[in-house]
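So the numbering used here is basically just the index in the sequence shown, starting at one, shifted up by 825. Each residue gets a CB set at the ideal place from its N, CA and C atoms; glycine is no exception.
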Amino acid sequence: MPQTVKGVVSRAKGAPVELVDISIPDPGPGEAVVQVQSCGVCHTDLHYREGGINDDYPFLLGHEAAGVVESVGEGVIEVAPGDFVILNWRAVCGLCRACAKGKPWYCFNTHNATQKMTIAEGDDAGIELSPALGIGAFAEKTLVAAGQCTKVDPEADAAAVGLLGCGVMAGFGAAVNTGGVGRGDSIAVIGCGGVGNAAIAGAKTAGATTIIAVDVDPRKLDTATKFGATHTVNGKDEDVVERIKELTGGFGADVVVEAVGRPETYEQAFYARDLAGTVVLVGVPTPDKQVTLPMIEIFGRGGALKSSWYGDCLPSRDFPMLVDLYRQGRFDLDGFVSERIGLGDIEDAFTKMEHGDVLRSVVVL
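Here it is as structure tokens:
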């Protein structure tokens, strides 16, 4: 029988979100119903509310989540009822050309639940909801594809490890998976929000010895030092490229992660890397943004210019490993949790996020 639970819905562009009753169907083949324990408030949720993703309103927001599998549909073998899981928005298919090449983190056919959750009340009763990133976890329960559930250590704090579902994984993976930062390397991270600080923490975990944080907000630079930055550069006061070169023996960093998504910061990243170094774009640009670089500089500097999709992660490989590192005290997921809030506090959390007052507000159910 379908269940009625509370969920946070965005009905129209720019309109405040609402806490409403939603209907969750029983899981069908390949699907799972998850009782949500926590869900981080990510910029992507705000982009959905503002119409920056698409206009498939109404949206069921929330996607950085952890919880317990309540029930599964026919044919599900990945997880079972009672499993503690982190949700992900890139459930790999195992069949596409990327998966066939042994690179499932590039899967071109990721999938979500087939059935739709709906509004359960008022004049809109029965209207289908568009779940954010195929998850929709600002809710007491949600319906997802079973492949979107990754089983991890149930002793871990849901509020902390749920953040691996998006921003923290994107940043860690940008540095370690995409950028390939390793022991003794230098790295500069431009933009020290949640994703940038995760890149810094990832670089520290991987053994980088020079970790340079770049931002224009002193508060964010202070936070970056707590996650492992060895040096900070305030882009308002200093020439970012020259300062990074000064801190790396005049050469530039081995890896530069751009976590802003703007042409001017991408250009800084390009010129702040060493010869044969790597630039990783993980900041999400808007469709109107363009960058122009001299082709002779692209050719002459060598190396690699990469973009990072979800930190090029494979949830089944990366989530359990990062949770283990967290449990061992080697990866500070707790440091990303700025506050714990309820489902009715999402609008206030959006405001705090826009003002740079938090790394992550986390809804705890």
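- prompt: Can you pull the DSSP bridge partners for K1131?
  reply: Locating residue 1131 in the sequence shown gives position 306, where the first residue counts as 1. Beta-bridge pairing links K1131 to V1105.
- Item | DSSP beta-bridge partners of H815 | With the chain represented from 826 up to 1190, any question about residue 815 goes unanswered, as that position is not in the structure.
Please report the straight-line C-alpha distance between L1100 and G1018, rounded to a whole angstrom. Within the sequence shown, the letter at position 275 stands for residue 1100. Within the sequence shown, the letter at position 193 stands for residue 1018. Approximately 27 angstroms between the Cα atoms of the pair.
- CA-CA distance, P1110 and M826? What you label residue 1110 is simply residue 285 of the sequence shown in a count that begins at 1. What you label residue 826 is simply residue 1 of the sequence shown in a count that begins at 1. Going by the C-alpha atoms only, they are around 42 angstroms apart.
inquiry  = Ignoring anything shorter than 3 residues, give me the beta strand (DSSP E) runs that lie fully in the segment 1118 to 1179, in order along the chain.
reply    = 1129 to 1132 and 1164 to 1166
Just verifying my parser: in three-state terms, what is the DSSP assignment at I1069? In the sequence shown, the residue the question calls residue 1069 occupies position 244. I1069 falls in the helix class under three-state DSSP.
Please determine, among I911, N913 and E895, the residue with the shortest C-alpha to C-alpha distance to A905. Working through the sequence shown from its first residue, we reach residue 905 at position 80. It is E895.
(message) Let me confirm a value: G1060 is counted as buried when at least 16 other C-beta atoms fall within 10 Å, else exposed. Which label applies?
(response) For the purposes of this step, residue 1060 is taken as the residue at position 235 of the sequence shown. Buried, since its Cβ has 16 or more Cβ neighbours within 10 Å.
**Asked** Contact check, Y873 vs A957 under 8 angstroms by CB: the rounded distance?
**Response** Along the sequence shown, one-based indexing puts residue 873 at 48. Along the sequence shown, one-based indexing puts residue 957 at 132. Sure, about 5 angstroms apart at Cβ, within 8 angstroms.
field: Sequence-distant residues of the same chain with beta carbon closer than 8 angstroms to T829, five excluded per side
entry: The count along the sequence shown starts at 1 and reaches residue 829 at position 4. Result list for T829: D846, I847, S848, I849 and A945, in chain order.
- Item | Backbone secondary structure at I911 - three-state DSSP | Looking up residue 911 in the sequence shown gives position 86. Residue state, collapsed to three classes: strand.
Exercise. With distances taken Cα to Cα, identify the nearest neighbour of P841 among A1013, T1176 and G1154.
Key: Taking the sequence shown and counting its residues from 1, the one referred to as residue 841 is at position 16. Checked all of A1013, T1176 and G1154; the closest Cα to P841 is T1176.
Does the segment 970 to 988 come within contact of the segment 1137 to 1146, defined as at least 3 CB pairs closer than 8 angstroms? yes
Taking only runs that begin and end inside the segment 962 to 1043, name each unbroken beta strand (DSSP E) of 3 or more residues, in chain order.
966 to 970, 974 to 976, 1011 to 1015 and 1035 to 1040
Q. In chain order, what residues of the same chain lie with their CB nearer than 6 angstroms to the CB of G959, ignoring the 5 residues before and after it?
A. Residue numbering aside, residue 959 sits at position 134 when the sequence shown is read from its first letter. Contacts found: W914 and N937.
Discussion item. Closest to L920 by C-alpha separation, out of G1160, C932 and F909, would be which residue?
Written reply: Within the sequence shown, residue 920 is the residue found at index 95, counting from 1. Closest by alpha carbon: C932.
Exercise. Below 8 angstroms, can you find three or more Cβ-Cβ pairs linking the segment 1179 to 1186 to the segment 855 to 863?
Worked result: no
What separation, rounded to the nearest whole angstrom, lies between the Cα atoms of N1022 and D948?
On the sequence shown, residue 1022 is found 197 positions in, with the first residue counted as 1. On the sequence shown, residue 948 is found 123 positions in, with the first residue counted as 1. So the two alpha carbons sit approximately 44 angstroms from each other.
TODO: Give the C-beta separation of L954 and V1066 to the nearest angstrom, bearing in mind that I take them to be a contact with Cβ-Cβ under 8 angstroms.
DONE: Counting from one through the sequence shown, the residue named residue 954 turns up at place 129. Counting from one through the sequence shown, the residue named residue 1066 turns up at place 241. Contact flag wrong, Cβ pair sits at about 46 angstroms.
What's the C-alpha gap between V897 and N934?
Looking up residue 897 in the sequence shown gives position 72. Looking up residue 934 in the sequence shown gives position 109. Computed Cα separation, rounded: 22 angstroms.
- Task: Determine the contact status of C991 and G1102, defining contact as a CB-CB distance below 9 angstroms.
- Result: Looking up residue 991 in the sequence shown gives position 166. Looking up residue 1102 in the sequence shown gives position 277. For C991 and G1102, no; Cβs fall outside 9 angstroms.
- request: Quick one: give me the first and last residue of the beta strand (DSSP E) that Q1115 is part of.
  value: Stepping through the sequence shown from its first residue, residue 1115 is reached at position 290. Note, Q1115: premise wrong, no beta strand (DSSP E); not H, not E.
Exercise for review: Give the straight-line distance between the Cα atoms of G1075 and G1125, rounded to the nearest whole angstrom.
Suggested key: If you number the sequence shown from 1, residue 1075 lands on position 250. If you number the sequence shown from 1, residue 1125 lands on position 300. When rounded, the distance between both Cα atoms is 17 angstroms.
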